[in-house]
Amino acid sequence: MNETVVAATSTGRVRGQRREHSLAFRGIPYAAAPVGELRFAAPVPHPGWDGVRDALVNGPTPSLGPTTDSYSIPEPVVPGDEVLNLNVFTPALGADARLPVYVWIHGGGFVGGSPGGAWFDGDGFARRGVVTVVITYRLGFEGYGDLPGAPGNRALRDVIAALTWVAENISAFGGDPDRVTLGGQSAGGSAVLALLTSPAAQGLFRAAVCHSGPVPDIPLARAQRVGADMAEAADLAEHDLTSWRQVPRERVVAAERARAGADLLSAVRDLHRVLSGRDPITDFGPVIDGDILPADPVTAIGSGTAAQVPLLLGVTSHEFNLITAVVERFLASGVSAAVLMGLGVPPVLARAYPRAYPDFSPAELLGQAVTDRVFRMPAVRVALARGEAAAPTWLWDFRWRSPVTDRAVHCVDLPFAWHRLGVDRVARIAGPHPPVDLAEEFHGEIVRFVRDGAVSWPMVTAQAPVAKVWDTPAWVGRDPFRFERIALEQLDLDRTAVD
Numbered sequence: 001m002n003e004t005v006v007a008a009t010s011t012g013r014v015r016g017q018r019r020e021h022s023l024a025f026r027g028i029p030y031a032a033a034p035v036g037e038l039r040f041a042a043p044v045p046h047p048g049w050d051g052v053r054d055a056l057v058n059g060p061t062p063s064l065g066p067t068t069d070s071y072s073i074p075e076p077v078v079p080g081d082e083v084l085n086l087n088v089f090t091p092a093l094g095a096d097a098r099l100p101v102y103v104w105i106h107g108g109g110f111v112g113g114s115p116g117g118a119w120f121d122g123d124g125f126a127r128r129g130v131v132t133v134v135i136t137y138r139l140g141f142e143g144y145g146d147l148p149g150a151p152g153n154r155a156l157r158d159v160i161a162a163l164t165w166v167a168e169n170i171s172a173f174g175g176d177p178d179r180v181t182l183g184g185q186s187a188g189g190s191a192v193l194a195l196l197t198s199p200a201a202q203g204l205f206r207a208a209v210c211h212s213g214p215v216p217d218i219p220l221a222r223a224q225r226v227g228a229d230m231a232e233a234a235d236l237a238e239h240d241l242t243s244w245r246q247v248p249r250e251r252v253v254a255a256e257r258a259r260a261g262a263d264l265l266s267a268v269r270d271l272h273r274v275l276s277g278r279d280p281i282t283d284f285g286p287v288i289d290g291d292i293l294p295a296d297p298v299t300a301i302g303s304g305t306a307a308q309v310p311l312l313l314g315v316t317s318h319e320f321n322l323i324t325a326v327v328e329r330f331l332a333s334g335v336s337a338a339v340l341m342g343l344g345v346p347p348v349l350a351r352a353y354p355r356a357y358p359d360f361s362p363a364e365l366l367g368q369a370v371t372d373r374v375f376r377m378p379a380v381r382v383a384l385a386r387g388e389a390a391a392p393t394w395l396w397d398f399r400w401r402s403p404v405t406d407r408a409v410h411c412v413d414l415p416f417a418w419h420r421l422g423v424d425r426v427a428r429i430a431g432p433h434p435p436v437d438l439a440e441e442f443h444g445e446i447v448r449f450v451r452d453g454a455v456s457w458p459m460v461t462a463q464a465p466v467a468k469v470w471d472t473p474a475w476v477g478r479d480p481f482r483f484e485r486i487a488l489e490q491l492d493l494d495r496t497a498v499d
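Just so it is clear: in the sequence shown, position 46 is 46 by the UniProt record's numbering, and no numbers are missing.
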């Protein structure tokens, strides 16, 4: 179908595409282009336009290119300055529809990703009566880098600006501004957890969904050190706002990649940082700045300052079992408890992993330790903390093993959650015939949560860490995260003994 349709927003009218099951509007600006004096600034409202603006193709992306050439999510890149934009997919226009709204934050390790791929087309949600909004946000140093004279957590401020746009405009697209659910995966899931803690985001969404989201943990002092190091990597004489505004985006990205490194020493250093739990897992991400993010989510939940809105969160069972080739060569002789301890794994866990996963290769064993430390244990900690605080929380564990990897790896759950099994690159991660019944059930539960703020399995409580296990068939377990829960208890005991 080549028919178009027009909707009115607060900044002007937009022309979208009428499709068989939905209407699609792409590349609608939700804030002004962050260039010139607005670069490294908080987002400001778009000045608007006259006439009808085409919203038929994806808007410009903050990402300049994919971070990897893996089999994972397609990340289309679009050049241009108006990088703060969003896509809307809806079954119907008009304020009378009052449909539930799902706002989505893509992943990408805080430095990459794109909202424009076919995986995040909201047609499946539209068929079930949900409006979806998929947003961009600034990445890497542009979005999270600490810079004297510039506001911090600019990427989170971008998401808040997008949510504000939704509150003001989504009724024109058939959505109900009082029924907004915020969701995200990986870096996007981390942003969701951060915004549950942010006073600036309160009231902008009534529920949240977090796929594989690391808990935000970057202290301000660490962000300041990384910012100064970035200035050196970019060869700047002065680490100040004026100097950075002269640096092309391509040079900023080059400095980010130079800091990351690709040699064995860099890889081992990064593994030690992740596995020891003593330092943040990434250089860029939500910063605990005392302003936009006053405290880490677990602390905020415990103190009662985090939003108590319903939260649906989960992980895959083998998020990061694909360790880089350079590390795999290093591990050729095997992984013992001593090697794990040398890489920073606490002794109590280093001794447990070889026994818990006897059939894993050295790289897989180390990857499971990363998976647990970065994703699975933090998800359990957040869920149990919210259960203790009586905040409505539901937990899932996606365990369906793809025939491609024989594991449930990072991102494999997304085509099921969005019911996009037949689109570009899904077969590269989920095989040629992923189970449709699993997609129907998983997607249906996401729709139910966006619509009703609840799902069909029991909530987590401090006494009962129940979770839905997504497999074929799916089932509900009383304590499917038992390994992670006991590991957390042991780590807490060890930490108390040291203190």
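All C-beta atoms, glycine included, are put in the ideal place defined by N, C-alpha and C. If you're wondering where the values come from, they're calculated on a predicted model, not measured in any experiment.
Setting aside the 5 residues that flank it on each side, T11 is surrounded in the same chain by H46, G48, each with a C-beta closer than 6 Å to its C-beta; the list follows chain order. Taking the C-beta atoms as reference points, V309 is found nearer than 8 Å to R206. Take L147, set aside five residues on each side of it, and the residues of its chain with a beta-carbon closer than 7 Å to its own are F40, G227, L241, W244, in chain order.
Counted as a single uninterrupted DSSP element, the stretch harbouring I28 is not any alpha helix (DSSP H) but the beta strand (DSSP E) occupying residues 23 to 29. Counting only runs of at least 4 residues, the stretch 233 to 260 fully encloses the following alpha helix (DSSP H) elements, listed from N- to C-terminal order: 241 to 244, 249 to 260. If you check the CB distance, A383 and T393 come in under 8 Å. Each of R157, E445, D424 was checked against the Cα of A118, and the nearest Cα belongs to D424. The shortest C-alpha to C-alpha distance from V130 to any of R154, L23, T405, G36 is the one to L23. A223 has its alpha-carbon roughly 13 Å from the corresponding atom of E256.
In chain order, W119 place their CB closer than 6 Å to the CB of R420, counting only its own chain and leaving out the 5 sequence neighbours on each side. Where G342 is concerned, the enclosing alpha helix (DSSP H) starts and stops at 337 to 342.
Approximately 6 Å separates the beta-carbon atoms of P216 and L193; this is inside 8 Å, confirming the contact. In this structure, DSSP gives Q463 a state outside helix and strand, which the three-state scheme calls coil.
In the DSSP assignment, H211 forms a beta bridge with Q185, G314.
In the structure shown, L395 adopts extended strand secondary structure according to DSSP, grouped into three states. Setting aside the 5 residues that flank it on each side, G80 is surrounded in the same chain by P60, each with a C-beta closer than 6 Å to its C-beta; the list follows chain order. Put simply, of E232, A307, R225, R478 the residue whose alpha carbon is nearest the alpha carbon of P465 is R478. Remark: fewer than three beta-carbon pairs, one from each stretch, lie closer than 8 Å, so the stretch 298 to 316 and the stretch 246 to 254 are not flagged as touching. About 7 Å separates the CB atoms of G140 and V253; that is less than 8 Å, so the two are in contact. Per DSSP, V298 is one residue of the alpha helix (DSSP H) stretching across 297 to 303. Annotation for I288: P216, D217, I218, P219, L220, P294, A295, D296 place their beta carbon closer than 8 Å to its own, counting only its chain and skipping 5 residues before and after. Restricting attention to L271, D270, G444, M230, the CA atom closest to the CA of R251 is found in M230. It is roughly 26 Å from the alpha-carbon of T181 to the alpha-carbon of P151.
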